[in-house]
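Chains as they are written, first to last, in my numbering: chain R, 22 to 602; chain B, 2 to 605.
Ideal Cβ placement from N, Cα and C applies to all residues, glycine included.
Read through the structure below, which is laid out as structure tokens, and then see the notes.
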């Protein structure tokens with residue numbers, strides 16, 4: 022079988038390995054029980070049929086049979102339980118590692134750590150989609166993983182163990198029947214592999230077709246308002262019908278061939294059973310075999326083919342089941358953008374209030390991505406100075422800010438504060454010096470007050486209110502149904518972009534850090550909001566070292582210095598007019 | 002909310018051509034199951050008879066029959082799979098068309114703010130997809146199991162009435178009690194876990210999105226702990242539900258075992274008493290063992306039935322929704338040459354049912370629907386608006402966000418009807434026109450204009466299928482995309498990707514604008530046509546669009562005062578009323594203070 026057991030899952034997850042072990046154990050039980058059931062059943066039937074035995078005289082065998090039947094049911098339930106619990110354990114483990122990785126590095130899928138990737142094809146909307154998709158995969162993915170652990174994996178183990186036990190037992194009873202079975206099994210497996218290879222590609226194409234069809238329908242439904250605007254919605258109906266019919270015809274064409282593999286397998290199994298039955302019959306007539314042995318062999322024949330056939334049917338569960346885990350591995354395996362600590366004991370963090378920050382020939386490239394995002398960036402941020410950073414989107418502005426905040430470390434050159442390389446400092450201490458007002462701030466589930474006090478959960482109501490007032494957010498907050506106690510976040514009230522940014526500003530006021538990083542805080546806002554935020558920013562910037570990514574020419578003009586980035590390189594500081602043009 | 006059963010029946014009802022195929026698929030499936038059962042039962046008989054050592058010729062019939070059953074089984078199964086998949090694909094195509102038709106009149110203007118994320122529509126599509134399982138994996142296996150139970154019971158009854166009762170009882174229990182139990186458990190688990198799953202998903206999402214902020218504020222340990230505890234809550238619930246589900250599996254296995262044992266207990270004394278021929282004992286037991294296989298897919302079928310039911314209910318809730326606007330019984334035709342006018346219009350959103358219907362998932366979170374359409378039913382979004390756009394006139398509509406600009410635009414193309422006042426075209430109330438007729442004359446290019454996953458050319462030609470190539474290039478030039486498209490390797494035949502993802506946000510908007518400019522409509526309503534563009538480019542694009550509009554009337558909505566060059570008139574909307582008719586843009590500064598007041602009113 023192709024990819025019988027997902028190697029990455031086993032390598033990466035101890036829980037998954039445990040699961041394989043449990044499945045092996047239960048599979049061995051099953052193999053023993055299968056043989057025991059056949060032997061007991063054959064004994065009881067032959068005794069009753071040949072010797073007209075009574076229920077009373079067969080009591081021990083019947084009790085044993087009942088025990089075996091119950092044990093088989095229990096083992097099947099055990100497979101299911103261990104599979105489901107295993108899936109839960111594996112998924113919890115992966116989620117834990119995902120959370121640890123994401124939180125430790127500040128490496129959001131759509132956050133600042135990734136912002137510089139915009140140029141490499143990750144667009145804003147897509148990044149948001151991807152983090153949603155990732156969260157969904159990490160939670161809902163457990164269903165698919167259950168199908169894998171409780172469905173495919175047990176079947177795979179059974180397919181490996183039960184046929185062996187069956188063959189071994191039949192060999193003792195009836196070498197001729199064993200020979201027939203032994204001959205058909207490799208044939209069956211050979212066919213499964215041969216046809217499986219071709220069918221795999223064909224099946225994949227079929228799934229692609231179905232996915233494509235579904236995507237097409239989604240595209241049409243999403244665009245329905247546009248279709249109505251241009252009065253094309255009626256015509257689209259005919260197209261939809263025509264596309265559906267065309268794909269159906271095509272899919273049926275592939276299915277006719279794809280199902281042939283199943284047909285061959287079925288034929289092998291059926292004819293194998295029929296041949297065994299005939300052989301046993303002839304041997305019985307000739308008197309070389311007893312009825313009990315004959316019945317045992319006949320009962321065992323379907324048990325031999327069953328798991329082999331079913332493992333093929335469960336194959337899709339393996340692909341779907343591991344897809345969710347893959348989604349998480351993708352993030353886990355991404356190389357870290359933070360360099361390992363360069364010194365064993367971190368140096369004392371310099372105070373950016375009196376020390377300047379120096380970018381020395383700084384370059385940055387994402388691991389595994391060709392071409393640097395930043396190269397040869399060299400400048401100084403003087404204490405208390407407002408520096409504006411301008412440049413076209415994709416130029417590396419957000420990446421530069423991320424390096425300053427140590428959400429990533431330079432791949433060449435160094436950033437220094439007070440002559441110390443940032444990498445020698447304690448990560449958390451350094452980050453504690455910086456407040457960041459992103460363009461698209463995240464509001465966490467909780468009250469408005471809790472959101473403002475994100476950087477200092479112990480801050481009292483008075484400080485929160487002062488910060489809100491300074492950020493020009495007081496009026497907005499008091500207009501909310503429960504004021505500072507209004508619950509925000511997913512499933513609760515949503516604020517507009519401008520309102521979110523005012524809350525983020527209040528956060529920055531409350532933290533009161535010497536360093537401030539602003540990421541186009543007034544972009545894409547209507548004028549009222551933009552002006553209000555610009556005023557608050559001016560107040561916030563006072564007495565702090567500020568790096569401000571700007572589009573807004575008013576802000577750029579106010580700054581002491583303007584840096585322009587283009588294609589990851591620093592262009593000479595342009596005049597304010599040039600920025601506007 | 003529609004009744005689940007009605008909804009399910011509505012989906013399960015087959016089209017005429019499909020009924021024949023359904024019967025065929027069921028017949029083939031029953032035949033295949035019967036052949037497999039007959040193969041084993043006959044083998045059991047064959048061996049038992051052989052043990053009596055008759056002349057071998059007497060066994061030949063049984064030997065040939067066994068092989069024939071084997072081949073028949075494989076062939077019928079192949080046919081059944083083809084027939085059932087063909088049926089499923091046909092139904093899927095039909096259901097897509099059907100729900101597309103149902104959605105058509107409901108989505109004149111999209112789902113507004115609440116549906117803007119497109120997630121609701123994605124689920125609508127996923128729901129339609131889910132329904133293809135209904136026949137393939139629910140109905141057909143259930144029918145087969147029931148028919149096999151009856152058939153096997155009957156066959157056993159002919160051999161020994163008591164055995165018939167045992168076989169029927171064992172198979173019927175396996176086909177009903179076990180799947181029902183399993184399905185109910187799955188439903189219970191779904192309900193129980195849904196809130197915990199939602200909470201964990203939301204927390205993961207905010208941790209991923211806000212990871213940088215948490216890192217900077219030193220809060221990552223708190224949030225990691227929060228995730229751990231939510232994870233633990235969900236895991237505890239899920240472990241309990243898994244335990245219950247495995248009990249269902251145990252029950253299924255126990256019922257099957259009890260059936261086998263029960264059959265032996267009634268058949269063994271019967272053999273001794275002579276009521277049952279000894280050679281038939283093995284055949285009976287083997288038949289039961291083989292027949293029990295047909296019940297195996299049923300617990301899964303029960304779980305899928307639940308998925309299908311939820312999907313069907315949601316879809317019918319949407320389909321049963323009344324459209325916001327309907328065509329008049331005897332539509333009139335726009336005469337041409339007149340103006341587009343809005344007189345004393347008052348409007349507020351009255352219901353959110355469509356969005357609500359799309360949002361209801363399991364029926365449990367209907368109450369928790371977030372209040373996205375805040376202000377529904379309370380205050381007027383527009384209150385006494387009068388405005389007119391004459392042919393060839395360029396009017397700009399200015400105002401802060403939330404002032405109702407987009408709503409005003411949507412009323413002009415009749416995505417909604419105002420509660421008071423009227424919208425007229427060429428002096429005719431737009432309610433007297435067919436919607437297609439109105440939109441032939443008045444075109445709205447709104448902020449979520451959709452780019453289809455096809456070529457740039459096809460996306461543009463949507464507006465005017467008979468357009469010639471040079472017309473396409475000309476409109477692209479107007480929105481400053483000419484050079485960009487010309488430099489693309491595939492030019493106009495470049496694919497834009499799903500939801501236009503292969504082009505940037507700014508390019509997407511400008512392509513939508515180009516498409517609007519290409520249309521033959523007499524009035525163009527452009528809602529923020531230059532949003533997300535850098536200021537200099539925005540000014541050039543606006544100028545290009547106005548130039549390309551030619552003889553047509555244009556109403557352009559913007560919140561940027563810098564873009565007003567080239568307009569004949571500027572209107573300012575604030576606080577749901579038209580705050581100012583500023584006249585020529587040049588004299589606008591004179592009333593700017595008034596406009597400023599309007600802005601404050603709109604913002605509060």
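Beta-carbon proximity check, residue i vs residue j, cutoff 7 Å
i                      : j                      : result
residue 205 of chain B : residue 398 of chain B : no
residue 414 of chain B : residue 388 of chain B : no
residue 385 of chain R : residue 408 of chain R : no
residue 136 of chain B : residue 88 of chain B  : yes
residue 212 of chain R : residue 285 of chain R : yes
residue 122 of chain B : residue 242 of chain R : yes
residue 324 of chain B : residue 106 of chain B : yes
residue 531 of chain B : residue 522 of chain B : no
residue 302 of chain R : residue 47 of chain B  : yes
residue 385 of chain B : residue 574 of chain B : no
residue 232 of chain B : residue 410 of chain B : no
residue 130 of chain B : residue 190 of chain B : no
residue 141 of chain B : residue 85 of chain B  : yes
Same chain only: Cβ atoms within 6 Å of residue i, ignoring 5 sequence neighbours per side
i                      : result
residue 567 of chain B : 544, 547
residue 41 of chain B  : 287, 291
residue 418 of chain B : 326
residue 9 of chain B   : 310, 313
residue 40 of chain R  : 107, 170
Closer than 7 Å at the beta carbon, the chain R residues around residue i
i                      : result
residue 208 of chain B : 120, 123, 124
residue 520 of chain B : 251
residue 453 of chain B : 240, 244
residue 261 of chain B : 90
residue 220 of chain B : 475
Length of the line joining the Cα atoms of residue i and residue j
i                      : j                      : result
residue 164 of chain R : residue 193 of chain B : 15 Å
residue 47 of chain R  : residue 299 of chain B : 23 Å
residue 181 of chain R : residue 252 of chain R : 60 Å
residue 132 of chain R : residue 475 of chain R : Summary for residue 132 of chain R: the model assigns pLDDT 36, below 50, so the residue's position carries little reliability, and this model does not support an answer.
residue 32 of chain R  : residue 118 of chain R : 15 Å
residue 501 of chain B : residue 294 of chain B : 49 Å
residue 360 of chain R : residue 378 of chain R : 19 Å
residue 277 of chain B : residue 270 of chain B : 9 Å
residue 424 of chain R : residue 493 of chain R : 29 Å
residue 626 of chain R : residue 374 of chain R : Residue 626 of chain R lies beyond the residue range present for chain R, which begins at 22 and ends at 602; the question has no answer from this structure.
residue 171 of chain B : residue 157 of chain B : 12 Å
residue 84 of chain R  : residue 305 of chain R : 28 Å
residue 104 of chain B : residue 248 of chain R : 12 Å
residue 256 of chain R : residue 476 of chain B : 24 Å
residue 553 of chain B : residue 450 of chain B : 20 Å
Chain B residues whose Cβ lies nearer than 8 Å to that of residue i
i                      : result
residue 190 of chain R : Per Cβ cutoff of 8 Å: no residues; residue 190 of chain R is ~17 Å from chain B at best.
Chain-order list of residues whose beta-carbon lies under 7 Å from that of residue i (same chain, five-residue window excluded)
i                      : result
residue 32 of chain B  : 77
residue 427 of chain B : 335, 336, 337, 338, 339
residue 51 of chain B  : 60
8 Å Cβ shell around residue i - same chain, five flanking residues per side excluded
i                      : result
residue 234 of chain R : 264, 265, 268
residue 287 of chain R : 330
Within chain R, partners of residue i - CB distance below 8 Å
i                      : result
residue 270 of chain B : 75, 76
(message) Any contact between the region 449-460 of chain B and the region 481-493 of chain B? By contact I mean 3 or more CB pairs, one from each, below 8 Å.
(response) yes
(message) Across the region 93-107 of chain R and the region 351-359 of chain R, are there enough close Cβ pairs to call them in contact, namely three or more that are closer than 8 Å?
(response) Result no; under three Cβ-Cβ pairs closer than 8 Å.
(request) Flag this pair as touching only if the region 248-262 of chain B and the region 97-110 of chain R have three or more C-beta atom pairs under 8 Å; answer yes or no. (result) yes
(request) Inspect the CB distances between the region 57-65 of chain R and the region 313-324 of chain R and report whether three or more fall short of 8 Å. (result) yes
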